[in-house]
Amino acid sequence: MSPRMPAELRVLRDLFQLCDPPPGQVRTAAYAAAGLARGRSDAAALELVGDSADAPAPVRSSASGTGEPEPRVLTFLMPGRIVELDLVPMVQGLFRASGMVISRSGQGRPEGNVLLRHPGGECVAELDRFGAFRATDVPAGPLGVVFRQVGSAPAVADWLVC
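Residue 120 is where the sequence shown starts when you use the numbering used here, and the numbers rise one by one after that.
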């Protein structure tokens, strides 16, 4: 780690190493994955610019009073496109993901798919002719979002937890 790391983070790192050290192969794989992520110069950024989980709790509560779970709405930006993603809780630990890839002015119709990566694998949601997509049985936990458009490099977002 960086020698200029704040003292608080060094203490926290040492505490984790002492109380809950990761297995060696996990640490090696994590550093390798970080190196691969940095080395992917062909991948565009898919920047998270909106997350309904950041709203104050009273706004997120079910306004209808029906007890239906509120979706988590994520908005990503990339050059020429906006990706809207709704994560709706289904059964315990699973989400239904649906959304739309919207073209900015002057861009053609989006074609491709949205890949939802998770520790157990991935869910692929194909875009229809309007740019809409849907995937079921997306597990709760870490989630990576990738927009793979036809004829272009994939746009990759940072991992988040749902």
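Cβ coordinates follow ideal geometry from the N, Cα and C atoms, glycine included.
> What span of residues does the alpha helix (DSSP H) with L132 cover, start to end?
Replying inline: Note that residue 132 is Arg in the sequence shown here, rather than Leu. Segment A126 to C138, the alpha helix (DSSP H) holding R132.
>> With H, G and I counted as helix, E and B as strand and the rest as coil, what does DSSP make of S271?
In response: In this structure, S271 counts as coil in the three-state DSSP scheme.
>> Here's the rule I'm using: 16 or more other beta-carbon atoms within 10 Å means buried, otherwise exposed. How should F195 be labelled?
In response: Answer is buried; the Cβ neighbour count reaches 16.
> Just how far apart, CA to CA, sit S121 and A272?
Replying inline: Any reading at S121 must be qualified, since the residue scores a pLDDT of 48, below 50, and its modelled position is unreliable; the value itself is stated next. About 31 Å.
> Distance, Cα to Cα, D256 vs R123?
Replying inline: Straight-line Cα distance between these residues: approximately 43 Å.
> Looking at the unbroken beta strand (DSSP E) that takes in E203, where does it start and where does it end?
Replying inline: Unbroken beta strand (DSSP E) run through E203: R200 to P208.
> Taking buried to mean at least 16 other C-beta atoms within 10 Å of its own C-beta, is Q268 buried or exposed?
Replying inline: Q268 comes out buried.
> Hey, how far is the Cα of E127 from the Cα of E245?
Replying inline: In a straight line, the C-alpha of E127 is about 44 Å away from that of E245.
>> Can you find the residues in the same chain that come closer than 8 Å, C-beta to C-beta, to R157, ignoring five residues on each side of it along the sequence?
In response: Bear in mind that a pLDDT of 48 at R157, under 50, signals an unreliable position, so the number given afterwards is only what the model happens to contain. Counting only Cβ-Cβ distances below 8 Å, and skipping sequence neighbours, we find nothing.
>> Using CA atoms only, rank isn't needed, just tell me which of I221, G225 and E189 is closest to V233.
In response: Nearest of I221, G225 and E189 to V233, Cα basis: I221.
> Excluding sequence positions up to five away, which residues of its chain have a Cβ less than 6 Å from the Cβ of L193?
Replying inline: Counting only Cβ-Cβ distances below 6 Å, and skipping sequence neighbours, we find D170 and L204.
> Given R223, which residues of its chain have a CB within under 8 Å of its CB, disregarding the five upstream and five downstream residues?
Replying inline: Result list for R223: G199, R200 and I201, in chain order.
> Going by C-alpha distance, which of P208, M209 and F249 is nearest G227?
Replying inline: When each option's Cα is compared against that of G227, the closest is F249.
> Pick from E230, D133 and F266: whose alpha carbon is nearest that of C242?
Replying inline: Relative to C242, the option among E230, D133 and F266 whose CA is nearest is F266.
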